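Quick notes on the structure that follows.
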Amino acid sequence: MAAVLIAVTGALVSGRTGLTHDAPDTTSIEAVADKLAEGQARERTAINADLAAAAEEAQEHLAGVLRGLASAVPVDTGKSAQPARSGDVDQWNEGLALAASALEAVPEGTSEQTVTRAAFLGAANLLQSAAASYHHLLDAPADQHGLLTAAVADQREAAVHLWQAGAAQLDTLTVEAGGEHIHVFLAPDGDPAAVPQEFQEPESH
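Quick note on numbering: my numbering labels position 205 of the sequence shown as 368, and the sequence is numbered without any gaps.
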């Protein structure tokens, strides 16, 4: 009988020891690192979502400005210009200010997220410069119109290129974090249909 009790007691002690050994150690370096990585991943995903929402809002404002500029300074030089007025420029600036405000509200994230936001903000700033150039054109002597018109076109082109870089980076960040593609690309004339097909938002979205 004593031998049986000793055997049972030994088995129980061994079992407890095994359970204790198998239980995860939440204080280990590996466990702490895993928990930290999970938290960072959640934060990156949250900032990606904030950045995407801000970019979509800004995209609408910038597209409106681009449409107005395309009418006043056609992207296709073969088209006739429809001059804008000072009030139109004021509306462009209001839209660009709203776009910048939405983007500036996104919290700081990783270096990649910060660069992406900076690209979007830089595009908005360049369009503000284009709007300012056009505003100067309205009151400028006729012999300066060509120079100012060229400045508007150059600033618009630079803004669109910078925005496209940010849009591509945002799409990459979102997909790498396990999300779906997000397409917030712009065309120089602000027409969504003019965005290359591979950059257009999928119809299922």
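Backbone N, C-alpha and C define an ideal beta-carbon position, used for all residues, glycine too. The structure presented is a predicted model; accordingly, all values stated were derived computationally and were not measured.
Asked                                                                                                               : Found
Status (buried if at least 16 other CB within 10 Å, exposed otherwise) for Asp-253                                  : exposed
Short Cβ contact (7 Å threshold) for Gly-272 with Gly-227                                                           : no
Buried or exposed (CB count within 10 angstroms, at least 16 for buried), Val-358                                   : buried
DSSP-derived helix/strand/coil call for Gln-276                                                                     : helix
Cα-Cα separation between Ala-327 and Asp-352, rounded to whole angstroms                                            : It is worth fixing the name first, because residue 327 is Gln in this sequence and not Ala. Spanning the two alpha carbons is a distance of roughly 14 Å.
Boundaries (first-last residue) of the alpha helix (DSSP H) holding Leu-349                                         : Unbroken run through Leu-349: none, as it is neither H nor E.
Close-in-space but distant-in-sequence residues of the same chain around Ala-215 (CB under 8 Å, 5 per side omitted) : Leu-333, Thr-337, Ile-345, Val-347
Residue closest to Ala-293, alpha-carbon to alpha-carbon, out of Ala-209, Ala-244, Ala-322, Ser-234                 : Ala-322
Inter-residue CB distance, Leu-266 and Leu-290 (contact presumed, cutoff 8 Å)                                       : Not a contact, Cβ separation roughly 13 Å.
CB contact flag (His-308, Leu-261, <7 Å)                                                                            : no
Sequence ranges, alpha helix (DSSP H) only - wholly within the region 206 to 255, length at least 4                 : none
As assigned by DSSP and simplified to three states, the class of Gln-363                                            : coil
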